[in-house]
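What follows is a short report on a single structure.
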Amino acid sequence: MEVKILSAKFDIDNAHQIEVAKSHGAYQTLEKLFSMAPEDVTNEVKDSGLRGRGGAGFPAGVKWGFLPKDLDKPTYLAVNSDESEPATFKDRYILVKDPHLLIEGIIICCYAIDCHDAYIYIRGEYTSQVKGLQRAIDEAYEAGYLGETVNGHDFRLDVTVHRGAGAYVCGEETALLESIEGKKGQPRSKPPFPAVVGLYDCPTIINNVQTIASLPFIIQEGADAYKAHGTEKSTGTHLFGISGHVEKPGMYELPLGLPLMEVLEKVAGGVWKGRQLKGVIPGGSSTPVLTAEEAKTVNLDYESMAEHKTMFGSGGIVVLDETVDMVKLVENLIYFYHHESCGQCTPCREGLGWMLKIVKKIIAGEGTMADIDLLVELCDNIEMKTVCVLSAACTMPVRSYLNKFRDEFEAYVTDAAS
Amino acid sequence: MAEMVKLFVNGQEVEVESGKNLIDALKVVGIEIPHFCYHPALGADGNCRMCLVGIEDGRPPLVPACKTPAQEGMKVQLDAEHIKKIQRDVLEFELINHPVDCPVCDQAGECALQDYYMSYSLDDSRMRVEQVTKGKKIDFGSGVVHDQERCVLCGRCVRFTRQITHTGELGIVNRTDAARVSIFPGKPLNNRYALNIVDICPVGAMTSSDFRFKQRVWFLQKDPGICHGCSKGCSIYIDHHREKYKDDVIYRFRARTNLKVNGYFICDFGRLSYAAENENRQTTATADGSAIGFDEAIELVRERLDRARKPLMLVSPDLSLEQMWAVKRIATLYGADLSGYSDSYVIDGDGDDYLINDDKAANRKGLELLDIDSSKEQFISTLQYTDLLVNFNNDLFYSGVDEELKAQLDKTQSIAVCSHQLPVFESATIALPTASYSEYGGTIVNEDYVLQRFDKALFKNEDPRDVLEITRLLGGAIIDAPHAWPGIRQSVADLADIDPETIPAEGLNLQNSEDTNVGA
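Chains as they are written, first to last, in the numbering used here: chain P, 566 to 983; chain Z, 4 to 523.
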């Protein structure tokens, strides 16, 4: 089932070193790239159907097309490597195993959007990873793939690594820009969108690491070769980080569109210890949970996930077996998002803390049925009333647990009463 | 004239200024959109979420009004159930961790949180878990006291120190519901406008150490006035109250929005200058150090003036145009010389490029317009040979006692018409108490030639006579302030067309027909 496009060099020893990477094809797209017109590169990416791999799944080429033309300002690329969504670790693999794939992708993107200064915003907790990434960038400079004349062509490109300070919210693209600018990492109100007013008020494209790392294959092999994988609207491959209660957790590159259960069984070895499946978090902790029943019919693509009223998300699949206490899982979830709320706008700042205390009260055996209803209502009262979607990343999954596993919440209330 | 657009609010058509944000645009036509973080001087931030409104057929359908410009044909939903619910919900979120200590909070009565709760919610509390606790009565410096628990984190104060004073003393530290406004350790508020923070805080999180616990605001009578602290002439509110069995006293000055003069703010010096209106006042007439009746004192002054060979009248540069005119007229009547000498009111280098001026005189332009000689030469030379100086409240020692001048004054027989007991009046043989600027009405002209009118705000138990009234008692023909105008109009070309009754609230620029507005 696995298709190795992004992960082609993951199993090669020392592929993070430029010489090894080059001997396995790194930077070989550049000759072709510079023979193409920038708009043809964008069109190829549009044609490939590549969707943003940060979680929202917005078509990458279309996003590039939002950049204003003939503006008297520089354009920036910010590569979002603030991978902080719980259960998500796909970008880390690329950074560690094949950083030159990312750099090659950055060159492609920058050539397409006429950008000469790219930033890689990496989460503060990736302490060893940032060193490896910087080493790879230094190697690329030395080899002439970055700098004044990229690969000998009249094209300057500088890449700067910017470390975050450990805030989940900085993965939100405008908070990320604020953070690069040296300000407190708080999301901006949109509009204006970053493609028009972004980093230092200049047009800016923000793409996820995996999105950028998908570009060399698309340019080298063409959009059709990429579209050969996946479904019509969810093209290509994706790095799936499968964790939780499975026999073989790990990172697997798979074409989009495969049935979830088939992947769990055949790739991840099925639910561990012979236990029953209770639910699946399909794409990072912020995606609404699927029950074991729903998991049977869902495919690993954007459309199928939407049909199941959840989201494809980051490809971080968490398998939950029958022993999982969903109430405590929700407590853990809210704890995380409450802790990571930037505190800027009222509903998220005040509401998530309130929700956390209510869940704790329920777990302590002091809750009432009204508290469960209040939790559901608070999800509605907070969601989409805020500057960014961090609060929704909490309320959407929490609502799904409350709806699908309400009996577990009620059990805490009734057990305490009896 | 700004371009107007027609849009619909709750289905009703209104015509508003194009491009203005919905909060400001609709306010003009009397429609309130509740908000905490937006302030016209500080711009839109969008963090409080109280101003979310629906846009029918809009994308997105829910927008913060503070960030949404008025556009032709827009269909704004304000009274739709889902919008009213958002307002209730946001208020609930603001209130769950709020101490609701209104009975001991200075802001009660003028608190956005309190007012909005009454207008938009009235829901019972559903908060049954422990509240977040934060710091109380934190001294931020410059007389600002902060209560982190009452704070709604709108960030107006932070933006004020960044955008207006450019001093940046405040910031919001921490995330989530631990976020709070703070100063840097050991770096308190240190700017001359800091107390505006108390004004712009929509809730009781920022209080003034000067005003704290002095008076409930609903007892205060809030009259418009003009600050006389310097030649800027900032628009203010004079908040005063007469407690039972006591006298009418001022509790505070606050900034009154005037885009033609001071924008939305005033300086701390001007704000705190209210205290001088209450304190150290000359309340009784004295002759040779002993209290005498006011009428008796007036008679004495008349006698002295009649007897004087070459009297000199000195006017304060703070007097109103009408008062100056009245003094000018009786100076002619008594054959007196007239001076507006007041160099001591100018403190070189004290001003800034914002609201504070070097010149602490409120109506120096008035002296110029009425052609009253303010030169030192004229004053000193006239003082040499005068046998009677009548000083109409001019503090010649404003920036400190001038020993040389003091020696000269000590040698001169003088009469003080004074509102305050000041060293400069000590050498006067007769002192007549007079009203200060909160106790009379008139017009003044600021340094930018903006003519402003103000009315009498305070009515004291023993209402002091203002300078104009005293000139009348001394035989002047001017009965009251309006009565001064025919003469003023006739003799001052720049004021020939002025009708004081029709001066707009924000004043009238005598030099530019086009309005010149200050930024903030």
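Positions of the beta carbon are idealized from the N, C-alpha and C atoms, including for glycine.
Query	Result
Does alanine 182(Z) get closer than 8 Å to chain P when you measure Cβ to Cβ?	yes
Based on Cα-Cα distance, which residue from Lys861(P), Val863(P), Gly844(P) and Thr862(P) lies nearest to valine 854(P)?	Gly844(P)
Near glycine 444(Z), what residues of its chain come up, given a Cβ to Cβ distance below 7 Å and the 5 sequence neighbours on each side ignored?	Phe457, Asp458, Lys459 and Ala484
Tell me, please, whether the CB atom of asparagine 177(Z) is closer than 8 Å to any CB atom in chain P?	yes
Rounded to whole angstroms, what's the CA-CA distance from tyrosine 254(Z) to arginine 332(Z)? Just pull it up for me.	36 Å
Beta-carbon separation of leucine 804(P) and glutamine 775(P) under 8 Å?	yes
Note the first and the last residue of the continuous alpha helix (DSSP H) segment covering tyrosine 440(Z).	Neither: tyrosine 440(Z) is in no alpha helix (DSSP H) and is coded neither H nor E.
Against phenylalanine 96(Z), what residues of chain P qualify as contacts under a CB-to-CB distance less than 7 Å, listed in chain order?	Thr911, Pro912, Glu915 and Gly916
Please state whether the Cβ-Cβ distance between valine 715(P) and isoleucine 685(P) is less than 8 Å.	no
Give me the residue from Ala730(P), Lys969(P), Leu598(P) and Gly930(P) with the minimum Cα distance to glycine 787(P).	Leu598(P)
What distance in whole Å lies between the Cβ atoms of lysine 662(P) and alanine 580(P), which are believed to be in contact at a cut-off of 8 Å?	6 Å
Alpha helix (DSSP H) containing proline 781(P): first to last residue?	780-786
Kindly identify the DSSP beta-bridge partner or partners of isoleucine 673(P).	Paired residue(s): none; isoleucine 673(P) is not in a bridge.
Three-state secondary structure (DSSP) at serine 693(P)?	helix
Check the Cβ of threonine 739(P) against every Cβ in chain Z and list those closer than 9 Å, keeping chain order.	Residues of chain Z passing the Cβ test: none, with the nearest at roughly 12 Å.
Touch check for the region 928-938 of chain P and the region 900-909 of chain P: three-plus C-beta pairs under 8 Å?	no
Go ahead and pull the three-state DSSP assignment for asparagine 397(Z).	coil
Classify glycine 918(P) as helix, strand or coil using the three-state DSSP reduction.	helix
Taking the alpha helix (DSSP H) that asparagine 773(P) belongs to, which residues open and close that run?	Per DSSP, asparagine 773(P) belongs to no alpha helix (DSSP H); it is in the beta strand (DSSP E), 769-773.
Mind pulling the chain P residues with CB within less than 8 Å of leucine 173(Z)?	Chain P residues near leucine 173(Z): none, gap ~13 Å exceeds 8 Å.
Counting pairs of Cβ atoms below 8 Å between the region 764-783 of chain P and the region 628-643 of chain P, do you hit three or more?	yes
Nearest CA to the CA of alanine 365(Z): which residue from Cys230(Z), Ala258(Z), Asn199(Z) and Met209(Z)?	Cys230(Z)
What are the boundary residues of the alpha helix (DSSP H) that includes glycine 626(P)?	625-629
What would DSSP say about isoleucine 141(Z), mapped onto helix, strand or coil?	strand
Looking at the unbroken alpha helix (DSSP H) that takes in leucine 45(Z), where does it start and where does it end?	Note, leucine 45(Z): premise wrong, no alpha helix (DSSP H); not H, not E.
Compare the Cα-Cα distances from cysteine 522(P) to each of Val952(P), Phe782(P) and Cys944(P) and report the closest residue.	Residue 522(P) is absent from the structure shown; chain P starts at 566 and stops at 983.
Quick one: list the residues of chain P neighbouring glutamate 133(Z), beta-carbon separation under 8 Å, in chain order.	Lys922
Can you give me the Cβ contacts of glycine 809(P) inside the same chain, cut-off strictly under 7 Å, excluding the 5 residues immediately before and after it?	Val883, Val884 and Leu885
Quick one: grab the DSSP three-state call for glutamine 424(Z).	coil
When you compare each of Arg259(Z), Lys249(Z), Glu246(Z) and Cys233(Z) to tyrosine 240(Z) by their alpha carbons, which one comes out closest?	Arg259(Z)
On the criterion of 16 or more Cβ atoms from any shown chain inside 10 Å, does proline 820(P) qualify as buried, or is it exposed?	buried
So asparagine 100(Z) contacts chain P; which residues on that side make the cut at Cβ distance below 7 Å?	Glu915
Below 6 Å CB to CB, which residues in the same chain sit around cysteine 675(P) once its five sequence neighbours on both sides are set aside?	Leu642, Ala683 and Leu722
Check the Cβ of aspartate 104(Z) against every Cβ in chain P and list those closer than 7 Å, keeping chain order.	Under the 7 Å cutoff, chain P gives no residues; its nearest Cβ is about 18 Å from aspartate 104(Z).
With C-beta atoms as the reference, is asparagine 864(P) less than 8 Å away from leucine 829(P)?	no
Using a Cβ-Cβ distance under 8 Å, would glycine 709(P) count as near chain Z?	no
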